[in-house]
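In this note's numbering, the protein residues as written are 3 to 150.
C-beta atoms are modelled at their ideal positions from N, C-alpha and C, and glycine is treated no differently.
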Ligand SMILES: Nc1ncnc2c1ncn2[C@@H]1O[C@H](COP(=O)(O)OP(=O)(O)OP(=O)(O)O)[C@@H](O)[C@H]1O
Ligand SMILES: [Mg+2]
């Protein structure tokens, strides 16, 4: 686990602490650790219980996919500050087989595993911003942002 703390100067007056943490995902235990860390970041940002649950649920689905389909990887958690707006950005990365058809993978009910095929689409709906990059044979990166 890597934790970085950056001090950001805002309008030349205020110093705000911006945090970033990277967690290795190699087992189901790590998926739990990701959930806990995301919850902690969300609380620190000041997310209410509903927003906390939304981002934790999305993170859980994406961490699961990283483990199950990507063969493991990393989750990077970053607090964001844009003007007065605060947010949480999560980046899930793996060097797995990649996704052949991203549009299809996003459709509810599509799965190549034994799941319900709801994870990716669900995570997209729970996030304010959603981005997926995947190259067959190279890996997958999914980034979500939720603003407060
Ligand atoms: N990181 C990844 N690497 C490779 N393929 C992936 C990755 N994430 C998702 N996929 C592909 O996209 C499909 C859809 O993912 P999604 O999370 O929506 O459903 P699922 O994991 O199959 O089921 P559920 O999440 O509902 O348990 C997966 O079945 C898999 O084929
Ligand atoms: Mg899934």
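For residue 125, the closest of 76, 5, 53 by C-alpha to C-alpha distance is 53. Of the other Cβ atoms in all chains shown, fewer than 16 fall within 10 Å of the Cβ of residue 137; this residue is therefore exposed. Positions of the alpha helix (DSSP H) runs, each at least 4 residues long and wholly inside the region 72-130, are given as 104-108, 121-128 in order along the chain. Between ligand 1 and the CB of residue 107, the shortest heavy atom gap is smaller than 7 Å. Here the C-alpha atom of residue 26 lies approximately 25 Å from the C-alpha atom of residue 83.
In the three-state scheme derived from DSSP, where H, G and I count as helix and E and B as strand, residue 56 is classed as helix. Taking C-alpha positions only, residue 65 is separated from residue 85 by approximately 29 Å. Under the criterion of beta carbons closer than 8 Å, residue 45 and residue 61 do not qualify as touching, at roughly 14 Å. In the structure shown, residue 29 falls within a coil segment according to DSSP collapsed to helix, strand and coil.
Remark: C-beta atoms of residue 102 and residue 56 do not approach each other more closely than 8 Å. Here residue 23 is buried. Its C-beta has 16 or more other C-beta atoms within 10 Å.
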